[in-house]
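Everything below concerns the one structure shown next.
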Amino acid sequence: MREDLESGKDTSRRTGIRPLKVLTMHLLEVKGLTKRFGGLTAVKDVSFHIDEGETIGIIGPNGAGKTTLFNLLSGFLTPDSGTIILKGENIVGLAPHKIVNKGIARTFQVVRPFHHLPVIANVMVALKSPRGAKKIEWLKTMERKAADILEDVGISEVMLEPAENVGHGILKRLEMAKALATEPDLLMLDEPFGGLNPLETDFLTKSITRMHLDEPSRAILVVEHKLYALMKIVRRVIVLHQGEKIAEGKPEEIANNKLVIEVYMGKGIQHA
Amino acid sequence: MVLSYLRRAHSSFAAHVFDIPPRLMVFLFLLILLAVPITGISDYYMGILTSANVLAIFAVSWDLLVGRTGQISLGHSLFLGIGGYSSALIFKYYGLPIWITIPLAMLIGSLFSVLIGFPCLRVKGPYLALVTMAFPLILYRIVKWAPLTPIFGRVGIIVPSFFHFLPIRQQVIAEFYFTLILLFASSVIIYKIANSKTGIVFMSILDDEVASQACGINVTKHKLMAFVISGMFASLAGCLFVHLLRLAESSVFLLTVSFIPVIITFLGGIGTIYGPIVGAYIYSILDKYVLGQMLPNLLEQWQMTLPTEFEYAKLLIFTSIVVILVIKWPRGIARYTTDRLEDLEEARDLDERGPRIWKRYKQKNRN
Ligand SMILES: Nc1ncnc2c1ncn2[C@@H]1O[C@H](COP(=O)(O)OP(=O)(O)O)[C@@H](O)[C@H]1O
Ligand SMILES: [Mg+2]
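Taken in sequence, the protein lines are chains A and B.
The numbering of the first sequence is our numbering, which starts it at 1 and goes up by one.
The numbering of the second sequence is our numbering, which starts it at 1001 and goes up by one.
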């Protein structure tokens, strides 16, 4: 409890917004999270916190444990030790669908569309979840809401196509639309820029920024192994390396951090 | 040149001829079936069609679980048997009329599917198929168990026909209409469920269970729902069968019975409603008429008879057909036909909407 208050004060000094709320609790607080696969420790004693409305990036080379961390936060894996506190409640051990309904939604690094369903029905699956259904505005149909979400991510023109017929760029955005449909308090995007061309990357960056403006209380956690794409959208970056958190700070600070540059082995972090 | 012109002319002709909306197609199909008794075909053939109606209910229920939700069950005879035995037992001990035994059998069937669903749905894919296979065999043993013979009978439980108060010809006709109406009602209900928003969730589980969970869907709950609905309609089919055969007996729990909906659904087309229905008629006609009547008659002309083991060979024949279908036409006969009709529709669009569609049409045919 003391620790909570202390770290709370710390944040309030740094961000200077909503001191009262921040003082009481973070949106998400992760402490000492560890996950082993046999002899390999994929996530090692990772601690961090996320506040309401923050945009945070997690970077790290391939195999750093970013996806594993996502799986732990979203309940697809259970940690060997550590706690994950969402709005004051420990969510370790909860089933993935329960966590979604508590307000954490995620996308997958490798897209997972429902191939047999039309694009719009893919989104309707998420709207059929308890949280998704509850968040549909009064007098609005599920179809209307799904179409609106697709409009927001810019793929409404293909909404009736079966998901198996659309391209990768669209599936990437569909992945985001599905996560957005439950109106999460924390949106976690696993390498949203992976496999996108510069034009699509640019579009996605813009839509994430716009999304954040539309819904300022929603926190966004973006995982990338490239820093440059993240720089524009996040305010704070956490660096993972071999499962350990090796640095945390503003993007500019991270780009000049010696340890981080070393980890990327002189490749030059800007272009990694 | 000439050939391509002819092909185009033919396809545009066919497209116009076959330009029947699905609803009307269903209506026509139903009309033909309704008219069957008027043609005065023999009781035996009427019986084949009646059992096809019931098999269709059975297969449609299997398809909801397997074709729509992706939960492979190879033990669906369990529900057929439970439906049958519960209605037979209710009749034996309480003598209740059919409009009470049928819903009661369905209720008991759904209760059993909840009970069995919990352990079964903890496992996935091929393991699920194996686990589901075991349950009917257990019930087979229970029903055959000597101390329980007073309850389940030595040869089975004898029950009356639904329309035992009518003369035999009318009985057969009444049974046909009765099962046809129930088939129509069940398939409309299952169609509505499959195309509802819950049906969309079922499809999402079929496609990707993990992604479905990530959408906030309680996957176990929805799988159980599909299991219960499927079990309920399979018990209805079981109850109908018992009263058609006038006997509830243990062989219903055998593995061969569990394969019937698999054969039927792959014949017609998996993941559709019309597929299993069309498949059930094809199967019944193949099974009872072609293999059961035509073939023996043909052989008789050459002074030959079928060996008694032929019953077992039938299953081999059907499984071979299924294997060929899965490889050649994985979407089944009915589905293949509707897909061709859709292609024709596009060909017709080509006449009306010009070359853009034509390009797409050609592209589609190339792939
Ligand atoms: N299910 C698993 N079983 C065993 N090892 C795994 C599993 N998932 C990930 N790993 C290992 O954990 C490490 C971190 O993987 P991952 O989290 O996918 O990294 P990143 O997303 O940062 O590229 C890798 O070495 C990977 O091989
Ligand atoms: Mg990864």
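Virtual Cβ for every residue (Gly too), placed ideally from N, Cα, C.
The set of residues with CB atoms less than 5 Å from any heavy atom of ligand 1 reads, in chain order, A:F37, A:A42, A:N62, A:G63, A:A64, A:G65, A:K66, A:T67 and A:T68. In summary, the residues of the stretch 1203 to 1232 of chain B whose CB is separated from some CB of chain A by less than 8 Å are M1203, S1204, L1206, D1207, D1208, V1210, A1211, S1212, Q1213, A1214, C1215, G1216, I1217, N1218 and V1219, in the order they occur in the chain.
One thing to note: G1084 (chain B) has its Cβ no nearer than 7 Å to the Cβ of C1215 (chain B). Any Cβ of chain A closer than 7 Å to the Cβ of K1314 (chain B) would place that residue at the interface, and such an atom is absent. Setting aside the 5 residues that flank it on each side, G57 (chain A) is surrounded in the same chain by V222, L230, V234 and V237, each with a C-beta closer than 6 Å to its C-beta; the list follows chain order.
DSSP lists A:T34 as the bridge partner or partners of S81 (chain A).
D190 (chain A) places its beta carbon 7 Å or farther from that of F114 (chain A). Around N101 (chain A), the same chain offers S129, P130 and R131 as residues with beta carbons nearer than 7 Å, after the five sequence neighbours per side are excluded. For D214 (chain A), the three-state secondary structure derived from DSSP is helix.
Look at I1270 (chain B) here: in three-state DSSP terms it is coil, with no helix or strand label. In this structure, the alpha-carbon of A1237 (chain B) lies about 49 Å from that of D80 (chain A). Burial state of R1331 (chain B) is buried, judged by a 10 Å Cβ sphere holding 16 or more other Cβ atoms.
As a beta-bridge residue in DSSP terms, P118 (chain A) pairs with A:P162. Among the residues of chain B, those whose CB is under 8 Å from the CB of R112 (chain A) are D1208, V1210, A1211 and A1214, following chain order. The criterion of a C-beta distance shorter than 7 Å is not satisfied by H1243 (chain B) and F1163 (chain B). DSSP places M1106 (chain B) inside the alpha helix (DSSP H), whose first and last residues are I1098 to C1120.
Membership of F48 (chain A) in the beta strand (DSSP E) is indicated by the continuous run L40 to I50. The Cβ neighbour count for W1099 (chain B), taken over all protein chains shown within 10 Å, is under 16; the residue is labelled exposed.
Among the CB atoms of chain B, one or more fall inside 7 Å of the CB of M124 (chain A). Apart from sequence neighbours up to five positions away, the residues of its chain that approach V1322 (chain B) with a beta-carbon distance below 8 Å are V1262, I1263, F1266 and L1267, ordered along the chain. Chain-order list of chain A residues neighbouring V1326 (chain B): empty, with the shortest C-beta distance near 18 Å, by a criterion of under 8 Å. E252 (chain A) and R1068 (chain B) have their alpha carbons spaced roughly 51 Å apart. Selection B:G1040, B:H1222 and B:L1049 evaluated against Y1281 (chain B) yields B:L1049 as nearest (Cα-Cα).
As DSSP reads the structure, V223 (chain A) sits in a beta bridge with A:I58 and A:D190. Straight through space, the alpha carbons of I149 (chain A) and M1046 (chain B) are spaced by roughly 54 Å. For R131 (chain A), the enclosing alpha helix (DSSP H) starts and ends at P130 to K134. Taking the C-beta atoms as reference points, L1078 (chain B) is found nearer than 7 Å to P1136 (chain B).
Just so you know, the alpha carbons of K135 (chain A) and E183 (chain A) end up roughly 7 Å apart.
Chain-order list of chain B residues neighbouring P79 (chain A): empty, with the shortest C-beta distance near 18 Å, by a criterion of under 9 Å. Below 8 Å, enough C-beta pairs join the stretch 207 to 220 of chain A and the stretch 139 to 156 of chain A to call them touching: three or more.
For K1328 (chain B), the enclosing alpha helix (DSSP H) begins and ends at F1310 to K1328. Annotated three-state conformation of E183 (chain A) is coil, per DSSP. By the Cβ neighbour-count rule, T55 (chain A) is buried, with 16 or more other Cβ atoms within 10 Å of its own. Along the stretch 206 to 229 of chain A, there is no position whose C-beta sits under 7 Å from a C-beta of chain B. Among the residues facing chain A, K1288 (chain B) is not included, as its CB has no counterpart in that chain under 7 Å away. Excluding the 5 residues flanking it on each side, A1248 (chain B) has same chain C-beta neighbours closer than 7 Å at G1084, Y1085, A1088, G1156, I1157, V1159 and V1242, in chain order.
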